[in-house]
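Chemist: Under this note's numbering, the first residue of the sequence shown is numbered 318, with each subsequent residue one higher. All C-beta atoms in this analysis are idealised placements derived from N, C-alpha and C, irrespective of residue type, glycine included. Pasting a structure below so you can have a look.
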Amino acid sequence: MLDFAFEIVDDSHIQIEYRYGSAMFNFNLYCMDGRWTLHPFDGILLGNRETCRLVIAELLRNKDFHLMLARENIALSGLQTSIDLQEAEAAASGRLNGQDRTRLDEDNEQDPLEDYIESHTFEEIVANEQMIIDDRLNLFKDIIEKMFMEGYGPDDEEFSKVQHIIRIYKEASERLSSLGGPDLRSDHRRRW
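In structure tokens, the structure reads:
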């Protein structure tokens, strides 16, 4: 299994999977106003700021990630993250000046969820979620097509379960679409 994989969704969105330890984490790399931003989507990272910083710091050192950026003409130096990495880099290099690495100064930490909310409109957040749901929907459509080609059908339990998953994702996609309104890409976007 690969430690790093990516999928180019469109000119301004790239989905990234990165293995850190034994876990695979999902990130969204998106361009807004000419700036590329890396944002984690896994609850474990959003809920644990220190771990999130460490995983992102390691991803930013990954050579395959560097090659992907180069191929897509994205400058590493111009890349921003939705997570403040300064303390994670200090922890990773052992430069916390005697401070306990497991206890970071809460006053100096930025809340990644708050940063994400402040830097995105509601419509942008819904559009990001819509993109993730649609990607999962397409994955399960491909799976069921492959199952059908291999002779599985509605009478098979696994086939029925995959059909059920497709219905769930399709309903979720439709419901998210109705939240975003007709013009998600409008230049006149209201902040939260």
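(1) Flag this pair as yes or no: are the beta carbons of N345 and H356 separated by less than 8 Å?
(2) Would you give the residue range spanned by the beta strand (DSSP E) that N343 belongs to?
(3) For the beta strand (DSSP E) containing I325, list its first residue and its last residue.
(4) Taking 7 Å as the limit between beta carbons, can you name the residues of its chain near L454, skipping five residues before and five after?
(5) Taking the C-alpha atoms as reference points, what is the distance between N379 and S339?
(6) For L384, which three-state DSSP category applies?
(7) At the level of alpha carbons, what is the spacing between L300 and E462?
(8) Nearest to Q332 by CA position, among K458, S394, D451, V479, is which residue?
Modeler: Inspection of the coordinates gives the following:
(1) In terms of Cβ geometry, N345 and H356 form a close pair [threshold 8 Å].
(2) From DSSP, the beta strand (DSSP E) with N343 extends over 340-349.
(3) Start and end: 321-327.
(4) Here L454 has I483, Y486, K487, S490 as same chain residues with Cβ atoms under 7 Å from its own Cβ, once five neighbours each way along the sequence are excluded.
(5) It is roughly 16 Å from the alpha-carbon of N379 to the alpha-carbon of S339.
(6) It is helical.
(7) Outside the modelled stretch of the chain, which goes from 318 to 509, sits residue 300, for which no answer is possible.
(8) The residue among K458, S394, D451, V479 with its C-alpha nearest the C-alpha of Q332 is D451.
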